[in-house]
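Chains as they are written, first to last, in numbering that gives the first Met the number 0: chain A, 0 to 265; chain B, 0 to 265.
The C-beta atom is built at its ideal place from N, Cα and C for all residues, glycine as well.
The next block holds one structure in the form of structure tokens; read it before the comments.
2 protein chains.
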Amino acid sequence: MFTIIGERINTTLGKVKKAVENRDAEYIIQDVKKQTQCGATYIDVNAGARIGHEKEDMKWLLKIVQEATDLPLCLDSPDPLILEMAYALVDKTPLVNSISLEKERFDSMMPFIEGKKCKIIALCMDDSGMPKTSEDIINRAKTIVAELEKIGMKRDDIFVDPLIQPMSVENNNGTMAMDAVKAIMSDLKGVHTTGGLSNISYGLPKRKIINRNFLLMMMANGFDSAIMDPLDKDIMAALKTGEMLAGHDDYCMNFLKSVRAGDIEA
Amino acid sequence: MFTIIGERINTTLGKVKKAVENRDAEYIIQDVKKQTQCGATYIDVNAGARIGHEKEDMKWLLKIVQEATDLPLCLDSPDPLILEMAYALVDKTPLVNSISLEKERFDSMMPFIEGKKCKIIALCMDDSGMPKTSEDIINRAKTIVAELEKIGMKRDDIFVDPLIQPMSVENNNGTMAMDAVKAIMSDLKGVHTTGGLSNISYGLPKRKIINRNFLLMMMANGFDSAIMDPLDKDIMAALKTGEMLAGHDDYCMNFLKSVRAGDIEA
């Protein structure tokens with residue numbers, strides 16, 4: 000089962016920032032309801048864009064978002080203090096976004112996670128910067144998963160993010176991510192892999208087409224979650240077709256249901 | 000570089016059969032010109048549908064097709080006598096479609112191939128029938144490649160066809176083909192993999208969408224050729240995007256050129 004992390008409640012997006020500024024609950028509620036209807040597994044909530052307001056904005060958003068949906072949330076902040084507060088305010092077991100191997104972030108996140116009931120996104124980032132080869136990604140994934148297992152986390156609760164980088168920067172950035180996902184899903188059996196797809200197309204035209212074609216290529220290597228927009232009909236159609244082709248849709252039932260609902264179009 | 004085997008000159012297609020029956024050279028010429036313009040690497044020529052007429056139909060088609068294009072041809076017949084005649088009539092080194100491990104076909108094809116300058120499609124089929132697991136496919140690929148190497152064929156001249164089977168029949172038919180391609184491209188380094196994509200969607204709706212999404216998933220596993228319709232704009236757009244994402248398009252130049260030409264659309 001593919002895990003869709005709905006990315007739309009993020010204050011770096013202009014409309015969301017404005018809605019948060021104006022405490023426009025209705026905008027947030029409608030968006031979250033749509034993400035829920037369209038098949039999100041988690042609703043990501045990021046309140047980081049209004050500098051100095053993250054705490055109060057996150058608090059307000061969590062109340063509104065939970066009124067609008069029964070889905071669990073993905074708590075998205077680099078700040079463990081914000082995450083600590085947010086964790087206390089959610090009803091369902093959240094996905095925490097994120098931990099990495101960067102010393103400062105790692106050291107502050109580990110005590111926050113330890114003993115808590117949560118799932119976590121683990122970024123393959125360390126203090127030397129972005130990974131340069133698939134081996135970098137795989138090694139970092141192994142290190143961070145081992146650390147998380149030491150404090151009692153189960154593999155099923157860990158979503159490894161290989162850190163997708165733009166094709167416009169380096170010709171092998173696509174295969175680097177694909178090869179890493181293939182190895183992680185095989186060498187660290189039981190973990191999930193996730194990530195923001197849209198980085199792949201940064202600097203290129205026709206970004207949505209690139210993103211959804213890349214999703215299929217990543218799924219062919221075992222990628223089983225993405226931080227994405229569930230309201231994008233084309234990427235959702237690609238996802239459902241990909242799930243069927245990857246053998247995760249018994250008797251093609253979900254695919255056929257989507258076709259009948261008019262959701263699989265050219 | 001992805002090898003596109005243009006599949007349109009095939010007498011099992013009603014319009015082509017009629018054109019061949021009526022010796023309508025203009026229809027064939029226009030179609031072949033379009034396939035050439037759209038980026039075919041080979042033009043497949045199959046004259047098998049009019050029972051008892053394959054020899055004269057193939058002869059006529061080869062003359063017309065070679066008038067219409069400078070591309071090499073893919074000679075498509077199960078009959079070595081037809082292939083022998085066809086081979087003598089082509090100007091450029093052809094791709095021969097096909098040999099398999101079925102005893103009768105294998106025994107009659109090997110003497111035809113030996114010593115000839117040609118490339119060949121090798122079907123992973125033997126007398127026990129269609130493959131049932133990816134290991135079946137991989138083992139058959141290894142056997143047939145070894146046999147072809149014994150008679151002096153180079154791996155670069157061999158296109159292994161894993162035999163794509165429908166998702167509607169068995170939930171793992173997609174992953175069976177993907178896993179097999181991954182292993183073949185790694186264990187038999189230097190060979191190509193090809194096949195007819197459309198079998199994957201047999202019995203399901205929205206076949207073209209399934210076919211092109213499957214192409215991307217196969218390409219993510221190293222698939223580097225397909226028997227396909229180069230006039231299908233959507234699958235060609237998926238192919239170009241997939242080539243770029245697979246790292247086979249330096250500086251994304253071909254992708255960007257296709258975007259400028261209006262060939263990459265939603």
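- Judged by DSSP secondary structure, S107 of chain A falls within the alpha helix (DSSP H) whose first and last residues are K102 to I112.
- Relative to L70 of chain B, the option among B:M166, B:P110 and B:I4 whose CA is nearest is B:I4.
- With respect to chain A, the C-beta atom of I263 of chain B has a partner C-beta closer than 8 Å.
- Contact between the segment 168-185 of chain A and the segment 219-233 of chain A is present: 3 or more CB-CB pairs across the two stretches fall below 8 Å.
- Residue burial annotation: D126 of chain B is exposed, with fewer than 16 other C-beta atoms found within 10 angstroms of its C-beta.
- If you look at V15 of chain B, you'll find it in the alpha helix (DSSP H) that goes G13 to E20.
- For A260 of chain B, the closest Cβ of chain A is not nearer than 8 Å.
- Between L196 of chain B and M227 of chain B, the gap from beta carbon to beta carbon is short of 8 Å.
- By the CB criterion at 8 Å, N45 of chain A and I8 of chain A fall inside the cutoff.
- Any Cβ of chain A closer than 8 Å to the Cβ of M218 of chain B would place that residue at the interface, and such an atom is present.
- Residue-level contact by beta carbon fails for M57 of chain B and chain A, as no gap is shorter than 8 Å.
- One finds nothing in chain A with a Cβ atom closer than 9 Å to the Cβ of M235 of chain B; even the nearest lies about 13 Å away.
- N138 of chain B and G13 of chain A have their alpha carbons spaced roughly 56 Å apart.
- Not one beta carbon of chain A lies nearer than 8 Å to the beta carbon of A140 of chain B.
- Just measuring C-alpha positions, the residue of B:K188, B:A179, B:D178 and B:N170 sitting nearest I199 of chain B is B:N170.
- According to the DSSP assignment, L72 of chain A belongs to no alpha helix (DSSP H) but to the beta strand (DSSP E) extending over L72 to D75.
- CA-CA distance, L61 of chain A to Q36 of chain A, rounds to 19 Å.
- Cβ neighbours of K32 of chain B within its own chain (closer than 8 Å, five residues either side excluded): A67 and T68.
- For A225 of chain B, the enclosing beta strand (DSSP E) begins and ends at S224 to M227.
- Counting the other CB atoms within 10 Å of its CB gives I234 of chain B a total of 16 or more, which places it among the buried residues.
- In the DSSP secondary-structure assignment, L122 of chain A is bridged to A:D160.
- By the CB criterion at 8 Å, T132 of chain B and D160 of chain B fall outside the cutoff.
- Neighbourhood of K205 of chain B in chain A, by CB distance below 7 Å: V258 and I263, in chain order.
- Contact with chain B is found for M166 of chain A, since one of that chain's Cβ atoms lies less than 8 Å from the residue's Cβ.
- The beta-carbon of F213 of chain A is placed less than 8 Å from the nearest beta-carbon of chain B.
- The three-state secondary structure of R211 of chain B, taken from DSSP, is helix.
- Residues of the same chain with a CB within less than 7 Å of the CB of S107 of chain A, apart from the 5 flanking positions on each side, are P79 in chain order.
- For the 8 Å CB-CB criterion, K118 of chain B and V144 of chain B do not form a contact.
- Interface criterion not met: the Cβ of T132 of chain B is under 8 Å from no Cβ in chain A.
- Residues of the segment 172-185 of chain B with a Cβ closer than 7 Å to any Cβ of chain A, in chain order: G173, T174 and M177.
- Counting of Cβ neighbours within 10 angstroms places I150 of chain B among the exposed residues, the total staying below 16.
- When the five nearest sequence neighbours on each side are left out, the beta carbons in the same chain lying within less than 6 Å of the beta carbon of R206 of chain B are those of S200, in order along the chain.
- Around the C-beta of N210 of chain B, 16 or more other C-beta atoms lie within 10 Å, and the residue is accordingly described as buried.
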